[in-house]
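Residue numbers (my numbering): 2 to 89.
Glycine is no exception: its CB is placed at the ideal position from the N, C-alpha and C atoms.
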């Protein structure tokens, strides 16, 4: 079986301070056109991966300081009491 490894664009390689993309700050995108261009470049370099957009108003981080893409219901440690009540 062949090895599949992710590749970053040159712009992202220069931006990422270490090998962990998730622990870095978000890459600044100024326009929708730039978002499409950066995504196309990443897609071209990573043909074995499917890329999805996950629009978030801010960069949510887990306890380890890494970016997380979970929906808001999964971001907290526990569900609040209202969320745990089941109506029958």
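Helix, strand or coil at residue i [DSSP, three-state]
| i | result |
| --- | --- |
| residue 40 | helix |
Residue range of the alpha helix (DSSP H) that includes residue i
| i | result |
| --- | --- |
| residue 12 | 11-16 |
Among the options, nearest to residue i - alpha-carbon criterion
| i | options | result |
| --- | --- | --- |
| residue 65 | 17, 24, 8 and 5 | 24 |
| residue 6 | 56, 54 and 43 | 43 |
| residue 61 | 27, 33 and 50 | 27 |
| residue 69 | 21, 12, 4 and 15 | 21 |
| residue 55 | 72, 16, 15 and 14 | 72 |
| residue 4 | 15, 49, 67 and 14 | 49 |
Cβ-based neighbour list, residue i, same chain, cut-off 6 angstroms, excluding 5 preceding and 5 following
| i | result |
| --- | --- |
| residue 36 | 30 |
Cβ pair residue i, residue j closer than 9 angstroms
| i | j | result |
| --- | --- | --- |
| residue 39 | residue 10 | yes |
| residue 46 | residue 8 | yes |
8 angstroms Cβ shell around residue i - same chain, five flanking residues per side excluded
| i | result |
| --- | --- |
| residue 89 | Since pLDDT at residue 89 reaches only 48, below the 50 mark, its modelled position is unreliable, and the value read off the structure follows with that caveat. Closer than 8 angstroms at Cβ, skipping near neighbours: no residue. |
| residue 34 | none |
Close-in-space but distant-in-sequence residues of the same chain around residue i (CB under 7 angstroms, 5 per side omitted)
| i | result |
| --- | --- |
| residue 32 | none |
| residue 63 | 69 |
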